[in-house]
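Working notes, beginning with the structure itself.
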Amino acid sequence: MTKKYRLTPEHIYKALIDLQKILLDTLDFDKVIDKVVNAMLFDLGFVELGYKVIVLTLYDEKSKVLKRIALSQTEQAERALKASSVPFREIDIPISASDNFLIRTLKTKKPMVTHYWPDIFRPILSDEDALKNQTAAGIKTSMLFPITVRNQAIGVMIFSMIKSEKEVTEGEKGLIQGFADIVGLSIENSKLFTATKVANEKLKQLDKLKDEFVSIASHELRTPLTAIKGYIWLAINKSPTPLPDQVKKNLQIALDSNEHLAYLVEDMLTISRIEGKRFNMNMEKTDLIPVIDQVYNELAIKAQTKEIEFSVTHEVPNCFIMGDKEKLREIFMNIAGNALKFTPEKGVVKVIIEKKDHEVIISIRDTGPGISKANIPKLFQKFVRLSESYAKTKESGTGLGLYITKQIIELHKGKISIESEVDKGSTFTITFPLV
Amino acid sequence: MASPHKKILVVEDEDRLNDLYVQLLEAEGYAVDSAKTGNEAFEKIHEGGYDLVLLDIVLPEIDGIHILQKLKKEPAKKKNVAIVLLTNLTENETIAKALKEGVSGYLIKSRYTPDQFLDEVKKHLN
Numbered sequence: 001m002t003k004k005y006r007l008t009p010e011h012i013y014k015a016l017i018d019l020q021k022i023l024l025d026t027l028d029f030d031k032v033i034d035k036v037v038n039a040m041l042f043d044l045g046f047v048e049l050g051y052k053v054i055v056l057t058l059y060d061e062k063s064k065v066l067k068r069i070a071l072s073q074t075e076q077a078e079r080a081l082k083a084s085s086v087p088f089r090e091i092d093i094p095i096s097a098s099d100n101f102l103i104r105t106l107k108t109k110k111p112m113v114t115h116y117w118p119d120i121f122r123p124i125l126s127d128e129d130a131l132k133n134q135t136a137a138g139i140k141t142s143m144l145f146p147i148t149v150r151n152q153a154i155g156v157m158i159f160s161m162i163k164s165e166k167e168v169t170e171g172e173k174g175l176i177q178g179f180a181d182i183v184g185l186s187i188e189n190s191k192l193f194t195a196t197k198v199a200n201e202k203l204k205q206l207d208k209l210k211d212e213f214v215s216i217a218s219h220e221l222r223t224p225l226t227a228i229k230g231y232i233w234l235a236i237n238k239s240p241t242p243l244p245d246q247v248k249k250n251l252q253i254a255l256d257s258n259e260h261l262a263y264l265v266e267d268m269l270t271i272s273r274i275e276g277k278r279f280n281m282n283m284e285k286t287d288l289i290p291v292i293d294q295v296y297n298e299l300a301i302k303a304q305t306k307e308i309e310f311s312v313t314h315e316v317p318n319c320f321i322m323g324d325k326e327k328l329r330e331i332f333m334n335i336a337g338n339a340l341k342f343t344p345e346k347g348v349v350k351v352i353i354e355k356k357d358h359e360v361i362i363s364i365r366d367t368g369p370g371i372s373k374a375n376i377p378k379l380f381q382k383f384v385r386l387s388e389s390y391a392k393t394k395e396s397g398t399g400l401g402l403y404i405t406k407q408i409i410e411l412h413k414g415k416i417s418i419e420s421e422v423d424k425g426s427t428f429t430i431t432f433p434l435v
Numbered sequence: 436m437a438s439p440h441k442k443i444l445v446v447e448d449e450d451r452l453n454d455l456y457v458q459l460l461e462a463e464g465y466a467v468d469s470a471k472t473g474n475e476a477f478e479k480i481h482e483g484g485y486d487l488v489l490l491d492i493v494l495p496e497i498d499g500i501h502i503l504q505k506l507k508k509e510p511a512k513k514k515n516v517a518i519v520l521l522t523n524l525t526e527n528e529t530i531a532k533a534l535k536e537g538v539s540g541y542l543i544k545s546r547y548t549p550d551q552f553l554d555e556v557k558k559h560l561n
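In the order they appear, the protein sequences are chains U and P.
Using the numbering used here, read the first sequence as starting at 1 and increasing by one per residue.
Using the numbering used here, read the second sequence as starting at 436 and increasing by one per residue.
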């Protein structure tokens, strides 16, 4: 009946390592429990040693019952299933059933043996029915091993065989005990993994909801913002009677504040698109030089009014990168615009374009107030407010511009960095891979 | 006053925006008519005779795109010179779809200041 299958300590060690690998490679709970009841029989050949049915039971804290979770795929198991008057999944043994050997094993955390199946089916099946199942499966002996995790019993494994207890070698017992320990760990692992997966999914959903909310809210805000802008403009510019200066001034402040709010809404919408990966970019081979020249032309008037020496220098005729022309324009409008905004009158703002290896490096240097070392890491965060720069300018931004700019640069596989010295100025360096 | 006697139809379902555009355009001396729902808009556009129709996309009953498609099957009794989209949608797809249905341009409501809006209107009238 049983093949000679010698279990040396080396053999046990190797077998356990193999089982451990099989179980720990699997993280999904359903797959783990399936492997738990089948790996030992089939992968390690225990079926040849007379082991025919392996059952995994786990204790459920909530309902206070020991539940049958998985059953090996063997013909003996199949026969027992057919004979049973209660479906496998419904044989839930209450923790109070102290005459049930499974419950005793769970409570004492010590292995037990029985030749009489009513011991492991009470009180769900009558003794008669339990014996009927045992006869159908042709089982002589069942060994019960506790499954423990961190010294806590979480369930019991039933190893049923067609031989007597005397025929079980110490080697087999050692292997089964070792196996039960690995089972505990792998079940715990897979439970944690499944819980993490579920939590992760939930977080992703929440993130998506937040994103959609910002997107819809920003969209809804546009209509009233447009109306406010229009009506204040009408009040200032189309008033049937001339307005007192103070009223005009107050209305202008309202109009400017509304404009600020509108920018904020647009920036938030942009961020929600970037973070929700819905930011559309029209990528094409683009020459950066005309893009930067256009930005220069748009900003030149502002530089003139502040008497700032503003220049763009490049020694190369062109600089092709993969990019979205409009988005690239926004990047340089933001960085060069900031440089002009924070540089005091009669200062200098220089834009230098160079090619090095497979990159284009654009540096934007200003003689503005500079940013302290402590504040540099905050610079590219959302809603950044740096006391030193804002104290010296009347204009205020949304606090989102640099964050958006950095995100868009990174979507172009580029990088942005800054070097700065307080009271001397700042240099922003942007690099993109050339094509 | 710019281009007096030019007839403009404003299609906009938001009351406050509708009134705003009407006031802005009337202050410039245009003859302004307005519609606030898709059905009302279609009836007026179908009667026709406007120098410019400013057409919102998101409308109750029938949306702007459907109005344009319906007009292809039932052309206006009196020709409308130009139809321009009035929209907050920056989604290029919707705009591209409308451009295929025969509009001559689009205005993004939230983007323009009122004087820029009036400039754009003037451009489309010429």
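Ideal Cβ placement from N, Cα and C applies to all residues, glycine included.
What is the residue span of the beta strand (DSSP E) that residue i lies within?
i: residue 350/U; result: 348-356
i: residue 178/U; result: Not the beta strand (DSSP E): residue 178/U falls in the alpha helix (DSSP H), residues 170-237.
i: residue 106/U; result: Counting along the chain, residue 106/U falls outside any beta strand (DSSP E), though it belongs to the alpha helix (DSSP H) covering 101-108.
i: residue 32/U; result: Unbroken run through residue 32/U is the alpha helix (DSSP H), 29-38; no beta strand (DSSP E).
i: residue 487/P; result: 487-491
i: residue 468/P; result: 466-470
i: residue 542/P; result: 540-543
DSSP three-state call for residue i: helix, strand or coil?
i: residue 48/U; result: helix
i: residue 446/P; result: strand
i: residue 67/U; result: strand
i: residue 135/U; result: helix
i: residue 420/U; result: strand
i: residue 118/U; result: helix
i: residue 25/U; result: coil
i: residue 457/P; result: helix
i: residue 431/U; result: strand
i: residue 159/U; result: strand
i: residue 92/U; result: coil
i: residue 2/U; result: Because the pLDDT of residue 2/U is 43, which lies under 50, any placement of that residue in the model is unreliable, and the number read from its coordinates should be weighed accordingly. Coil.
i: residue 153/U; result: strand
i: residue 477/P; result: helix
i: residue 415/U; result: strand
i: residue 344/U; result: coil
i: residue 379/U; result: coil
i: residue 53/U; result: strand
i: residue 147/U; result: strand
i: residue 14/U; result: helix
i: residue 247/U; result: helix
i: residue 391/U; result: Unreliable positioning characterises residue 391/U in this predicted model, as indicated by a pLDDT of 42, which lies under 50. The coordinate reading is nonetheless provided below. If DSSP states are grouped into helix, strand and coil, residue 391/U belongs with coil.
i: residue 125/U; result: coil
Terminal residues of the continuous alpha helix (DSSP H) containing residue i?
i: residue 365/U; result: No alpha helix (DSSP H) contains residue 365/U, which is instead part of the beta strand (DSSP E) from 359-366.
i: residue 42/U; result: It is not in any alpha helix (DSSP H) - residue 42/U carries neither H nor E in the DSSP assignment.
i: residue 73/U; result: No alpha helix (DSSP H) contains residue 73/U, which DSSP labels as neither H nor E.
i: residue 553/P; result: 549-560
i: residue 405/U; result: 401-411
Contact defined as beta carbons within less than 8 Å: I believe residue i pairs with residue j. What is the distance between those atoms, to the nearest angstrom?
i: residue 33/U; j: residue 70/U; result: 4 Å
i: residue 120/U; j: residue 142/U; result: 6 Å
i: residue 47/U; j: residue 74/U; result: 7 Å
i: residue 81/U; j: residue 67/U; result: That pair is no contact at about 16 Å.
i: residue 299/U; j: residue 262/U; result: Incorrect: roughly 21 Å between the Cβ atoms, too far for contact.
i: residue 432/P; j: residue 222/U; result: Beyond the ends of chain P as shown, which are 436 and 561, falls residue 432/P; an answer cannot be given.
i: residue 318/U; j: residue 289/U; result: 6 Å
i: residue 462/P; j: residue 440/P; result: At roughly 15 Å, the Cβ-Cβ gap does not stay under 8 Å, so residue 462/P and residue 440/P are not in contact.
i: residue 54/U; j: residue 158/U; result: 7 Å
>> Would you call the stretch 415-424 of chain U in contact with the stretch 365-383 of chain U, where contact means no fewer than 3 C-beta pairs closer than 8 Å?
In response: yes
> Can you list the alpha helix (DSSP H) stretches of 4 or more residues lying completely in the stretch 256-341 of chain U, in chain order?
Replying inline: 288-305
> Counting Cβ pairs closer than 8 Å, one from the stretch 489-503 of chain P and one from the stretch 439-452 of chain P, do we hit at least three?
Replying inline: yes
> Mind pulling the beta strand (DSSP E) runs of 3 or more residues that sit fully within the stretch 493-533 of chain P?
Replying inline: 518-522
> How about the stretch 167-181 of chain U and the stretch 9-16 of chain U: do they share at least three Cβ pairs that are nearer than 8 Å?
Replying inline: yes
> Any contact of the stretch 335-352 of chain U with the stretch 291-305 of chain U, i.e. 3+ C-beta pairs under 8 Å?
Replying inline: yes
> Are three or more beta carbon pairs between the stretch 209-221 of chain U and the stretch 259-279 of chain U nearer than 8 Å?
Replying inline: yes
> Given 8 Å as the limit, is there contact between the stretch 100-117 of chain U and the stretch 142-152 of chain U, that is, 3 or more CB pairs closer than that?
Replying inline: yes
>> Whether or not the stretch 523-543 of chain P and the stretch 467-484 of chain P are in contact is what I'm after, with contact meaning three or more pairs of Cβ atoms, one per stretch, closer than 8 Å; do they touch?
In response: no
> Are the stretch 252-263 of chain U and the stretch 226-241 of chain U touching, with three or more C-beta to C-beta distances below 8 Å?
Replying inline: yes
> Given 8 Å as the limit, is there contact between the stretch 338-346 of chain U and the stretch 454-463 of chain P, that is, 3 or more CB pairs closer than that?
Replying inline: no
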